[in-house]
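Heads up, the thing below is written out as structure tokens.
In the numbering used here, the protein residues as written are 21 to 117.
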């Protein structure tokens, strides 16, 4: 199976230098052009719209890491059950005993 290498970037990565570098490496760029750009290169709009899924995944990982750091600061010997109950709000916290 053949996979095409693609870079999905936001408008901040729209420069001739970056686009030239991608072409030299046979990488497809999915970067919308800045509003002030006179020549607007085409890009895959549907693929660009799926970019938010990747951003959401990193946001969730960052939130989880922050949550784990706070647990470590408050209760250094937190049990794995405590972490599961924080990650899944439908479960009740484990009984301490």
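No residue lacks a Cβ here, since even glycine has one placed at the ideal position from N, Cα and C.
Check                                                                                                      : Outcome
Same chain, Cβ closer than 8 Å to residue 34, five either side skipped, listed in chain order              : 51, 52, 53, 54, 57
Three-way DSSP call (helix, strand, coil) for residue 32 in this model                                     : helix
Member of 61, 48, 30, 49 whose CA lies at the smallest distance from the CA of residue 72                  : 30
Cβ neighbours of residue 67 in the same chain (closer than 8 Å, five flanking residues each side left out) : 26, 28, 50
CA-to-CA distance, residue 61 to residue 24, given in whole angstroms                                      : 19 Å
Alpha-carbon spacing of residue 46 relative to residue 80, whole angstroms                                 : 32 Å
C-alpha distance - residue 87 paired with residue 70, whole-angstrom precision                             : 27 Å
Reduced DSSP secondary structure (H/G/I, E/B, other) of residue 108                                        : Low local confidence applies: a pLDDT of 45 at residue 108 is under 50, so the model's placement there is unreliable, with the coordinate-based value given in what follows. In this structure, residue 108 counts as coil in the three-state DSSP scheme.
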